[in-house]
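Residue numbers (my numbering), protein chains in the order written: chain A, 268 to 376; chain B, 704 to 1116.
Built from N, CA and C at the ideal position, the CB exists for glycine as well.
All values derive from a computational prediction rather than experimental measurement.
Here's the structure we're looking at; comments come further down.
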Amino acid sequence: MQYLISVIDDETTSPTPAELAAAGAFNDRLKTEGHFVFAGGLAALSTATVIDNRNGEPVFTDGPFLESKEYFGGLWIIEAPDLDVAIKLAAEGSRQCNRRVEVRPFHSE
Amino acid sequence: MNAIDVREAITRAHREEWARVVAVLTRRFGDLDIAEEAAAEAFATAVERWPTVGVPPNPGAWLTTTASRKAIDRIRRENKRDEKQREAHMLSADNPPEPPGAIDDERLRLLFTCCHPALAMEIRVALTLRMVGGLTVPEIARAFLVQESTMERRITRAKAKIKAARIPYRVPSPEDLPARVFGVLAVLFLVFNEGYLATGSDTDPIRQDLTAEAIRLTRLLRALMPQDGEVAGLLALMLFIEARRTARVSASGELVTLDEQDRATWDATLLAEGHQLVRERLAAAAAGVAPGRYQILAAINAVHTCVRDARDTDWAQVVTLYDQLVRLDPSPIIALNRAIAVAELDGPHVALAAVERLEDELAGYHPYQATRAELLRRLGHSQQARAAYDKAIGLAGNTAEIAHLRRRRDQLG
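Following this line, the structure appears as structure tokens:
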């Protein structure tokens, strides 16, 4: 079963070298233990573009799809047998990258 | 067997067997929804059949078998497309009877799943009462003063989360167990407290259905985890409080404080059971097992309930126990309760100073204002006391407490 661990970030901080290194070490651990699927950090919110092509005529909007104090700063996709394991890994991820995180399962059908 | 006996047998079976049936079916079919609905159908069938064919010799086994059949019928009805796969699964999972003790494990699994930390507290409470307690959704909705449809949605959403996020159906591993047991105890104590200090102007000040249910579930947990000191502690605490229930509200619906209660009306059987549990924990503490918060709270209640007259209370012992509790849990509410005991030991002056240090954190908490009011009264500061009573009355939600506070305020010169 796959879970998305979203990193919750805010405008006041950007990751320090120490936080990035800790997150890297955590990735290595996920790989060793067979949980790693994918991980990545996202560039600044100001780099986002929203595209709406629902009507066949793409409309581009500069900036993120919602304005909020907190935003999606990066992610892990992990493989875990159940939520208890996922929560434990997410807790470790939160400590290593020094951010709050959210865990959510992917649809499993 | 007459109709009344059959009805009693059904009520007893519901109380004793509901959690087992739901737990065994959840294990077998891996789905809380199917387990719950099949269990409900099995009990409905019992209501229909037992009056004519008689109560079966082993009601638990009869209900489990009937519920399993209902579940299989439902799965067949609803899953035509992967029928073969389902049937294969049912064949492999259906057969062997559980070894002795396994049923207890099943119920424990069910309780830990309903109290999983990834679920909101109010949802854990609702799910525990439904799946483990067997209360109906309307009953739970009434208990927590929400619309039936709201409660139905909450429970449905919780079951969907358990399934989709794959909250595991198991007793936590030994290293996680203490933290998870604490979460389960918090759910049970919340149910108890909602019964004991019911909120709302239209409800009874004490909801005995809820206190009784909380005690029943805690007894069940105690039977399943006899070695856990905090489970014993919470059970003892609930028994002590429940024992004083009838003495706690006067005929006119007013709260009667501990020092004014008619101790002859306390339930001696419940008290004896509570004291026995506390003695057991004291022996464990003497052997070096540090007590947790529920055990200390139970010990405090044991001190209060071991004397015939409130004036004989060993307040030094109570304060010592609160000191121990403050070290474990330095919350302002514990500090407030400690100050109440300090008032008896060192006088209202010392206690008031300790209480007023908690102003910033507790100004909006009615027991804070009520305690302050009592201390100010004892020090002769009538005007300040009156203002504090008014604040407490404005903040309180329990009808018996409000009646008590009004009378105390109106007695001021």
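The distance from the Cβ of Ala738 of chain B to that of Thr729 of chain B is about 4 angstroms, consistent with a contact at the 8 angstroms cut-off. Under the Cβ criterion of 8 angstroms, Ile870 of chain B is counted among the residues facing chain A. Straight-line measurement puts the Cα of Arg925 of chain B at about 57 angstroms from the Cα of Thr316 of chain A. Here DSSP, grouped into helix, strand and coil, assigns Ile870 of chain B to coil.
Where Arg1075 of chain B is concerned, the enclosing alpha helix (DSSP H) starts and stops at His1069 to Arg1081. Beta-bridge partners of Thr316 of chain A (DSSP): A:Asp329.
By the 16-neighbour rule on beta-carbons within 10 angstroms, Asn1004 of chain B is buried. With a contact defined as Cβ atoms closer than 8 angstroms, Ala846 of chain B and Arg910 of chain B qualify at about 7 angstroms.
DSSP, read as helix, strand or coil, puts Arg371 of chain A in strand.
In the three-state reduction of the DSSP assignment, Asp277 of chain A falls in the strand class. By the Cβ-count criterion, Gln1072 of chain B is buried, with 16 or more other Cβ atoms from all chains shown falling within 10 Å of its own Cβ.
The shortest CA-to-CA distance from Arg1089 of chain B to any of B:Ser953, B:Tyr1068 and B:Arg1111 is the one to B:Arg1111.
Listed in chain order, the non-local C-beta contacts of Gln363 of chain A below 6 angstroms within the same chain comprise Ala289, Ala290 and Phe293, local neighbours out to five positions each way being set aside. Residue contact with chain A for Ala823 of chain B: absent (no Cβ-Cβ distance below 8 angstroms to any residue of chain A). Taken atom to atom, the span from the alpha-carbon of Ala863 of chain B to that of Glu720 of chain B is near 25 angstroms. Judged by their CB atoms, Pro908 of chain B and Val959 of chain B are not nearer to each other than the 8 angstroms cut-off. If you draw a straight line from the Cα of Asp708 of chain B to the Cα of Leu913 of chain B, it is about 25 angstroms long.
Here Leu848 of chain B carries a coil assignment [DSSP, helix/strand/coil]. Taking 8 angstroms as the threshold, the shortest C-beta distance from Ala867 of chain B to chain A falls below it.
Cβ neighbours of Ala712 of chain B within its own chain (closer than 6 angstroms, five residues either side excluded): Val758.
Per DSSP, the unbroken alpha helix (DSSP H) holding Leu297 of chain A starts and ends at Pro284 to Thr299. Between the alpha carbons of Asp965 of chain B and Ala950 of chain B lies a distance of about 6 angstroms.
At a cut-off of 8 angstroms between C-beta atoms, Leu271 of chain A does not count as an interface residue with respect to chain B. Neighbours of Leu309 of chain A across chain B, judged by C-beta separation under 9 angstroms, do not exist; the nearest C-beta is about 24 angstroms away. In the structure shown, the three-state DSSP call for Gln1114 of chain B is helix.
With its beta carbon at least 8 angstroms from every one in chain B, Pro331 of chain A lies outside the interface. For Trp969 of chain B, no alpha helix (DSSP H) run applies, since DSSP gives it neither H nor E. Interface criterion met: the Cβ of Ile354 of chain A is under 8 angstroms from a Cβ in chain B. By the CB criterion at 8 angstroms, Ile1037 of chain B and Leu1024 of chain B fall outside the cutoff. A Cβ of chain B is located within less than 8 angstroms of the beta carbon of Pro372 of chain A.
Assignment of Glu878 of chain B by DSSP, reduced to helix, strand and coil, places it in the coil class. With contacts defined as CB atoms closer than 8 angstroms, Met268 of chain A and Ser375 of chain A qualify as a contacting pair. Looking at the backbone, the Cα of Phe305 of chain A and that of Pro881 of chain B are separated by about 33 angstroms. Non-local C-beta neighbours of Asp1017 of chain B in its own chain, meaning closer than 8 angstroms and more than five positions away in sequence, comprise Val1006 and Val1010, ordered along the chain.
Around Thr853 of chain B, the same chain offers Ala844 as residues with beta carbons nearer than 8 angstroms, after the five sequence neighbours per side are excluded.
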